[in-house]
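Working notes for the structure below.
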Amino acid sequence: EMERQDAVCCSCCEDDPLTCGCSARGNSTEAFGKSSARYEDGTVRLKNANIELMDQDILYHLALGSGSHDLVEMFGDVKFVCMGGTPKRMEQFAYYIMGEIGHKLPTGTQLQDISQYSYRYSMYKVGPVLSISHGMGIPSIGILLHEVIKLMFHAKVKDPVFFRIGTSGGIGLEGGTVVISEQAVDGLLRPYFELPVLGKLVQRPALLDKKLVRELKALHHPEDPYDTVTGKTLCTTDFYEGQGRLDGAFCDFNENEKMAYLEQIQKANVVNMEMESLAFAALTHNAGIRSSVICVTIVDRLKGDQIHSPKEVLDEWQERPQKLVSRYIKKFLQTKGRFMDSYCGSPCVKSPRRFKLVQQESENYD
Numbered sequence: 001e002m003e004r005q006d007a008v009c010c011s012c013c014e015d016d017p018l019t020c021g022c023s024a025r026g027n028s029t030e031a032f033g034k035s036s037a038r039y040e041d042g043t044v045r046l047k048n049a050n051i052e053l054m055d056q057d058i059l060y061h062l063a064l065g066s067g068s069h070d071l072v073e074m075f076g077d078v079k080f081v082c083m084g085g086t087p088k089r090m091e092q093f094a095y096y097i098m099g100e101i102g103h104k105l106p107t108g109t110q111l112q113d114i115s116q117y118s119y120r121y122s123m124y125k126v127g128p129v130l131s132i133s134h135g136m137g138i139p140s141i142g143i144l145l146h147e148v149i150k151l152m153f154h155a156k157v158k159d160p161v162f163f164r165i166g167t168s169g170g171i172g173l174e175g176g177t178v179v180i181s182e183q184a185v186d187g188l189l190r191p192y193f194e195l196p197v198l199g200k201l202v203q204r205p206a207l208l209d210k211k212l213v214r215e216l217k218a219l220h221h222p223e224d225p226y227d228t229v230t231g232k233t234l235c236t237t238d239f240y241e242g243q244g245r246l247d248g249a250f251c252d253f254n255e256n257e258k259m260a261y262l263e264q265i266q267k268a269n270v271v272n273m274e275m276e277s278l279a280f281a282a283l284t285h286n287a288g289i290r291s292s293v294i295c296v297t298i299v300d301r302l303k304g305d306q307i308h309s310p311k312e313v314l315d316e317w318q319e320r321p322q323k324l325v326s327r328y329i330k331k332f333l334q335t336k337g338r339f340m341d342s343y344c345g346s347p348c349v350k351s352p353r354r355f356k357l358v359q360q361e362s363e364n365y366d
């Protein structure tokens, strides 16, 4: 049995189906055949009635809880959620965006990993920006997205924008090229995310905001010493065999078969491959959250499997998607006059007893 969740109601809805006013939607608030994913004020509406019936919703992997923390006070001003693979990279991005938007911490305070007691993900808040590590692969980013989307709900965040900032393998693109994903597809080139739920295979369309793609592409500077391109991103569930590498512990195909596959996906307009975009696109779209995937290529897979560029070169390449996202955030904040937003320097604990419980639950939860 297959449950298929339709993507959009009309062609014009592709920019932002949730704000489209076309006649195809009529007077209904239903964007995807189900209840609207946002409330009228722009706050996130969860597609799970169970959450509001709970005494406390513990976000285990973030070491936060709706009863232990004042999530509205802590995160209510968030506008942008930026995700990347490693804790170190996202800590660096937090410091980078702090300088870019002119955010200053109160005297005597320092940037703090809000989720340090989870020992799984790292999360930093810089004014209206969250910088979070998502780990590697679909299962890891999927867990994080469930909890961050719930965090947006509990914090009553209005119209958040999510970015995945990362690295990828290029398909016919030189290392250092920035790719803005137009669409995410799986290893069979299908534009949806499949998940077995209670013995049934559920398909969710992996859609990214097309208007956001255009806005980001327009922020590429002619003087940038690298190309910024758009195209399809192939998302795999494995780094080695799933991406057609010959250097894994197992390999049941040869060089010719590998090249035939890579050339096939190139003809299908795939420009890069990584391991998170499919779930990222599907879950943010299902939540009614505008999102975009911006990655840098660190190797051209048509020329080889292994990465030979020096560390300092790779470090500079990884800054390129961050710069593009930073330009977008700065432009938005300048337009809205939101530079130098206030910062919640305290943990914003409203129940010390529940705070301790959340710490214990997060540390013990496997």
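In the UniProt record's numbering, the protein residues as written are 1 to 366. Glycine included, every Cβ here is placed at the ideal spot set by N, Cα and C.
Subject >> Given L324 as reference, the closest of H308, D315 and L216 once Cα atoms are compared >> reply: Within the sequence shown, the letter at position 324 stands for residue 324. Of all alpha-carbon atoms in H308, D315 and L216, the one lying nearest the alpha-carbon of L324 is that of L216.
Original post:
Fully enclosed by the region 184 to 263, which alpha helix (DSSP H) runs are 4 residues long or longer?
Top reply: List check, alpha helix (DSSP H) in window: 210 to 217.
**OP:** Would you tell me roughly how many angstroms separate the C-alpha atoms of G65 and D55, rounded to the nearest one?
**Re:** Within the sequence shown, the letter at position 65 stands for residue 65. Within the sequence shown, the letter at position 55 stands for residue 55. A direct Cα-to-Cα measurement between G65 and D55 gives close to 10 Å.
Original post:
Around the C-beta of N272, are 16 or more other C-beta atoms found within 10 angstroms, so that it is buried, or is it exposed?
Top reply: Here the question's residue 272 lines up with position 272 in the sequence shown. Classified as buried, N272 has 16 or more neighbouring CB atoms from the shown chains inside 10 Å of its CB.
Original post:
Roughly how many whole angstroms lie between the Cα atoms of S131 and I143?
Top reply: As a first step, residue 131 is located in the sequence shown; it is residue number 131 there, counting from the start. As a first step, residue 143 is located in the sequence shown; it is residue number 143 there, counting from the start. Each residue's alpha carbon lies about 16 Å from the other.
**OP:** In the DSSP assignment, find the alpha helix (DSSP H) that holds K323 and state where it starts and stops.
**Re:** Stepping through the sequence shown from its first residue, residue 323 is reached at position 323. K311 to K336 is the span of the alpha helix (DSSP H), which, as asked, contains K323.
**OP:** Identify the continuous beta strand (DSSP E) that holds M54 and give its terminal residues.
**Re:** On the sequence shown, position 54 is the one that residue 54 refers to. Counting along the chain, no beta strand (DSSP E) covers M54, and no H or E run does either.
Original post:
Can you name the start and end residues of the alpha helix (DSSP H) that Y95 belongs to?
Top reply: Walking along the sequence shown from the start, residue 95 turns up at place 95. It spans P87 to I101 - the alpha helix (DSSP H) in which Y95 sits, taken as one unbroken run.
**OP:** Inspect the beta-carbon positions of V179 and T233 and report whether they are closer than 8 Å.
**Re:** Position 179 of the sequence shown, counted from the start, is the residue given in the question as residue 179. Position 233 of the sequence shown, counted from the start, is the residue given in the question as residue 233. Yes. Within cutoff.
Original post:
Between the beta-carbon of K158 and the beta-carbon of G42, is there less than 8 Å?
Top reply: Indexing the sequence shown from 1 puts residue 158 at position 158. Indexing the sequence shown from 1 puts residue 42 at position 42. Cβ atoms of K158 and G42: closer than 8 Å.
Subject >> Residues near L329 by beta carbon distance below 6 Å, same chain, minus five either side >> reply: Reading the sequence shown from its first residue, position 329 is the one you call residue 329. Position check: residue 329 holds Ile in this sequence, whereas Leu was assumed. Counting only residues of its own chain and dropping the five nearest sequence neighbours on each side, I329 has a CB closer than 6 Å to the CB of F80.
Original post:
Got a sec, what are the start and stop residues for the beta strand (DSSP E) residue 377 sits in?
Top reply: Limits of the chain in this structure are 1 at one end and 366 at the other, which puts residue 377 out of reach.
Original post:
For D315, does the count of other Cβ atoms within 10 angstroms reach 16, so buried, or fall short, so exposed?
Top reply: As a first step, residue 315 is located in the sequence shown; it is residue number 315 there, counting from the start. Burial call: exposed.
Subject >> Local Cβ density within 10 Å of M259, reported as buried at 16 or more and exposed below that >> reply: Within the sequence shown, numbered from 1, the residue matching residue 259 stands at position 259. By the neighbour-count rule (16 or more Cβ atoms within 10 Å), M259 is not buried but exposed.
**OP:** Determine the burial state of E174: buried for a count of at least 16 other Cβ atoms within 10 Å of its Cβ, exposed for fewer.
**Re:** Counting from one through the sequence shown, the residue named residue 174 turns up at place 174. Answer is exposed; the Cβ neighbour count stays below 16.
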